[in-house]
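J.: Protein chains in written order, with the working numbering: chain P, 14 to 549; chain A, 583 to 787.
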Amino acid sequence: MSESTKSNHESFLEYKGKYRGILGWILSTDHKRIGLLYLYTMLVFFSVAAILGLLMKIQLIAPGHTIMGPATYNAMFTMHGIIMIFIIVVPGLPAVFGNFFLPLMIGAKDVAFPKLNLASWWIYVIGILIVLTSQFMGDGPPDTGWTFYAPYSFQTPANIVPALVGAFVLGFSSILTGINFVVTIHRLRAPGMKWLKMPLFPWTLYATAWIQILATPVIGITLLLTVMERTLGVGIFDPALGGDPILYQHLFWIYSHPAVYIMILPGMGVISEILPVFSRKRIYGYKAIVLSSLAIAFVGYFVWGHHMFTSGMSGRALFAFSFLTFLVAIPSAIKVFNWVATMYKGSLIFQTPFFWAVSFVFVFMIGGFSGLTLGSLATNVHLHDTHFVVAHFHFIVFGGTGFSFLAALHYWFPKMFGRMFDASWANMGWLIFFAGFLALYLPMFYLGIMGMPRRYYDYLPEFHGANILSSLGAILMIGGALIIIVNLVRSSRYGEKTNDKNPWGGKTLEWQADTPPTLENWEDIPEVTEKPYEYK
Amino acid sequence: MEKNAEHTHVHRDDEGDKLGMWLFIFTELLLFGMLFLVYAVYRYRNPVAFQLGGEELDVFLGTLNTVLLLVSSATVAMSISAIQKGLKKHALVFLGITLLIAVVFLVNKYFEWGAKIEYGFYPGGEALLELGHGTILFFGLYYVMTGIHALHILIGIGLFIYVFQQIRADKIHSTDYIWLENTGLYWHLVDLIWIFLFPLFYLIH
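1) Per DSSP, which residues does R432 of chain P bridge with? Please list them.
2) In three-state terms, what does DSSP make of P344 of chain P?
3) So is F632 of chain A buried or exposed if we call it buried at 16+ other beta carbons inside 10 Å?
4) Run through DSSP, which three-state label would D251 of chain P get?
5) Determine the burial state of I192 of chain P: buried for a count of at least 16 other Cβ atoms within 10 Å of its Cβ, exposed for fewer.
6) Mind checking if F676 of chain A is an interface residue toward chain P, Cβ cutoff 8 Å exclusive?
7) State yes or no: is the C-beta of L719 of chain A within less than 8 Å of the C-beta of G255 of chain P?
8) Considering just the uninterrupted stretch of the alpha helix (DSSP H) at M326 of chain P, what are its terminal residues?
9) Please report the residue range of the alpha helix (DSSP H) in which W134 of chain P lies.
10) Quick check on L245 of chain P - is its C-beta less than 8 Å from some C-beta in chain A?
11) Counting only beta-carbon atoms, is A587 of chain A nearer than 8 Å to chain P?
12) May I have the straight-line CA-CA distance separating A526 of chain P from H320 of chain P, to the nearest angstrom?
13) Hey, out of P:F110, P:F401 and P:P76, whose CA is closest to L52 of chain P's CA?
14) Just to make sure I have the definition right: I need the residues of chain A whose C-beta is within less than 9 Å of the C-beta of R200 of chain P. Which are they?
15) Drop a sphere of 10 angstroms on the beta-carbon of W208 of chain P, count the other beta-carbons inside from all chains shown, and report buried for 16 or more, exposed for fewer.
16) Let me know the secondary structure DSSP gives P164 of chain P once reduced to three states.
17) Who pairs with S305 of chain P in a beta bridge, going by DSSP?
18) Using DSSP bridges, identify the partner residues of S24 of chain P.
19) Report the CB separation of E637 of chain A from H787 of chain A in whole angstroms; it is logged as a contact under 8 Å.
20) Are the beta-carbon atoms of G493 of chain P and G413 of chain P separated by less than 8 Å?
21) Taking only runs of the alpha helix (DSSP H) that begin and end inside the stretch 678–709 of chain A, which ones reach a length of at least 4 residues, in chain order?
22) I need the straight-line Cα distance from T590 of chain A to P539 of chain P, nearest angstrom please.
23) Any beta-carbon of chain A closer than 8 Å to the one on A125 of chain P?
24) Counting only runs of 4+ residues fully inside the stretch 24–105 of chain P, write out the alpha helix (DSSP H) ranges in chain order.
25) Helix, strand or coil: which one does DSSP assign to H263 of chain P?
26) Assuming I7 of chain P contacts V231 of chain P under a Cβ cut-off of 8 Å, what Cβ separation, rounded to an integer in Å, is found between them?
27) Would I192 of chain P count as contacting chain A if we go by Cβ distances under 8 Å?
28) When the Cβ atoms of the stretch 479–497 of chain P are set against those of the stretch 439–453 of chain P, are three or more pairs found closer than 8 Å?
29) Going straight from the alpha carbon of I296 of chain P to that of L227 of chain P, what length do you get?
30) Go to G602 of chain A, then tell me how far its alpha helix (DSSP H) extends in each direction, as first and last residue.
31) Considering only heavy atoms of the ligand MG, does any lie closer than 7 Å to the CB of P781 of chain A?
32) Could you pull out every residue in the same chain whose Cβ sits closer than 7 Å to the Cβ of R243 of chain P, ignoring the five residues on either side in sequence?
33) Any beta-carbon of chain A closer than 8 Å to the one on I224 of chain P?
34) Name, please, each residue of chain A whose Cβ falls closer than 8 Å to the Cβ of M326 of chain P.
35) Classify W425 of chain P: buried if its beta carbon has 16 or more other beta carbons within 10 angstroms, exposed otherwise.
36) Per DSSP, H755 of chain A forms a beta bridge with which residues?
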């Protein structure tokens, strides 16, 4: 690469554009700055929702009223769910790391529509603000759970409409990001980067973006219909007017099941990036990972009924949905085999991103298997709406997406900030977090099997022991999260400076760009000749 | 240095822009697709009420609006052809006609809805609530589906006004007309959805 000209020498963190100060960030169309805007926004709301979760666990440390009553508890799990799902996990990896690294990994200067990208962030923030108004206006905060099931969602006096409208607006932001990424991947890959030379994180973003485009409108219209149900009384989901509340559940899950794959697929991509680098080995079965990602995105559309096994469906439909659910587990299992085979006989490098990646595989496997338990008809009837579901869901969505998010954050941290994080604090944070995570969620499997229902602020005395363990786990995990966050925030400001382009020895394109990257990423667009992950 | 808002190089990719528009159209198709699904479920469950409901609608106004939208799809396509050939004036005239037709469509809609609302035939309206569940659902869906469609017409009108200004200011011209083309694509979608709404509500007896 030629010596850079002056104008493109400054890193994206430093350059001065038309606007100064904070305006230079919130009006920037640079994909890297937008990625960081999402990261900071999510950090704030993750903290809020994590504290809500902690308060719920403290309430459950003993039977009966400990720190809150039933109404407060209902509002807490509703807000915890709405924030975590619609504000953190669904946009999560694509909005932060997709924005920052997709163009870098495919050798582009930015995404296809930079202005639309900035608009997506603004729409996202507006959506958040609308959701938040539901807490402070009207007749109390929403208490329906994040699923807004009919008919309760238009019978409760609580302030549901802003939550629905906010979730709709957040969905719009998600759709626009999806469109942006599909067009970016189709049009802006560097010369020589054929489809099967594209790294795996962009591949999973591609599969995710298609789900965002094709599934999000379904939840959009469902939420709008519920708004109209509340405000106008059109009757579509209201049994008193001839409507069918089960139809709401169908429409809701036609989106919300694929949405689970929006949450987890990019996480799988991140793990597929990290493991070859820290094993110094070519990824095992590149094509299998690509195909299984697309297969997950496709089959994921046809399994929504497994959320409704006890809602009332024909026996034939039950069998079909259960069978398809088993089918969708196959591509996920293929990936686990690929990751393990990649590490096999590799020269493993034990550093923070590797720890996160390996623990991801562990918790993802537990989450996946418990998903099969829920997907089979007989066990589902027993476990439906118990703590088992909560444990499964958190193993996949928090263990899967959350762990891969933290893996990605540590892996790409030096590239994003031009500084190194403190490794010993990071490792300690990981260990405490991981131990707390297991202590928090493993007892919930047991509680669920024993019959403790979810979404209750109270429980029978015989569940006390496991609940104490679970609540202590929550406190431990939040402690670990605190160490991780403080360490990363500190390191982003005071950490050891580095201009090393490739601190981990990665083979993908983002490690050829400057650290931190310049405004337009490249002096000359790189030419791609090899497949990614070619370790010899 | 104005590199912040506009990057130094001008990146232009008409193919990419069109691809983005098509993806957006997919999302719209799924949005309305779910409404068609809900319609299908309730029509299957309430065949008689839906048939009687359909007979209450004004077939003449519905047909008129269908013809209007079909013509407007043609005129917006003509406007694109005109701009490709560099005929600015023609492009503006055809676009103006399209805009006018879109407004007339909404005026018709206003009278159509207005007449029903006057008789209490609206969601939550007394006259409607006295009737059976099937009829309530039929008119609920009628207002929701044609209402969301009308909202799309309104957005189309906004787009036409913007594009009209851009053509007049020579920002859109014979070598750079992707905004007009994408607006046309959007308008065809709005037209296409009406082509399905019209028989579902007005014609099937």
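The beta-carbon is built from N, C-alpha and C at its ideal position, and this holds for glycine as well.
T.: Taking the definition as stated:
1) According to DSSP, which records beta bridges pairwise, R432 of chain P is partnered with P:K510.
2) Collapsing the DSSP output to three states places P344 of chain P in a helix.
3) Buried is the call here.
4) D251 of chain P falls in the coil class under three-state DSSP.
5) The residue in question, I192 of chain P, is buried, as its Cβ has 16 or more Cβ neighbours within 10 Å.
6) No, F676 of chain A does not count as interfacial toward chain P.
7) The Cβ atoms of L719 of chain A and G255 of chain P sit closer than 8 Å to each other.
8) Where M326 of chain P is concerned, there is no enclosing alpha helix (DSSP H), because DSSP gives it neither an H nor an E.
9) Unbroken alpha helix (DSSP H) run through W134 of chain P: P127 to F149.
10) At least one CB atom of chain A sits nearer than 8 Å to the CB of L245 of chain P.
11) Because A587 of chain A sits at a pLDDT of 42, beneath the cut-off of 50, its placement in the model cannot be relied upon, and the point is left open.
12) So the alpha carbons of these two residues sit roughly 45 Å apart.
13) Ranking the options by Cα distance to L52 of chain P, first place goes to P:F110.
14) Taking the beta carbon of R200 of chain P as reference, the chain A residues within 9 Å of it are D595, E597, G598 and L601, listed in sequence order.
15) When all chains shown are included, W208 of chain P counts as exposed.
16) In this structure, P164 of chain P counts as coil in the three-state DSSP scheme.
17) In DSSP, S305 of chain P forms no bridge with anything.
18) Its beta-bridge partners are P:T531.
19) The Cβ separation is near 6 Å, so the contact holds.
20) No.
21) Counting only runs of 4+ residues, no alpha helix (DSSP H) is found wholly inside the stretch 678–709 of chain A.
22) Bear in mind that a pLDDT of 46 at T590 of chain A, under 50, signals an unreliable position, so the number given afterwards is only what the model happens to contain. The C-alpha of T590 of chain A lies about 19 Å from the C-alpha of P539 of chain P.
23) For A125 of chain P, the nearest beta carbon of chain A is closer than 8 Å to its own beta carbon.
24) If we require 4 residues or more, the alpha helix (DSSP H) runs fully inside the stretch 24–105 of chain P come out as 36–39, 44–72 and 83–95.
25) Assigned with DSSP and collapsed to three states, H263 of chain P falls in helix.
26) Limits of chain P in this structure are 14 at one end and 549 at the other, which puts residue 7 of chain P out of reach.
27) Look at I192 of chain P: its C-beta is under 8 Å from a C-beta on chain A.
28) With a cut-off of 8 Å, the stretch 439–453 of chain P and the stretch 479–497 of chain P count as touching, because enough Cβ pairs lie within range.
29) The C-alpha of I296 of chain P lies about 30 Å from the C-alpha of L227 of chain P.
30) Going by DSSP, G602 of chain A is part of the alpha helix (DSSP H) stretching over D596 to R627.
31) No copy of the ligand MG appears in this structure; indeed no ligand is present at all.
32) The residues are F167, I173 and V174.
33) Closer than 8 Å: no.
34) In chain A, no part has a C-beta under 8 Å from the C-beta of M326 of chain P; the shortest such distance is about 14 Å.
35) Here W425 of chain P is buried. Its C-beta has 16 or more other C-beta atoms within 10 Å.
36) In the DSSP output, where bridge partners are listed per residue, H755 of chain A has A:D758.
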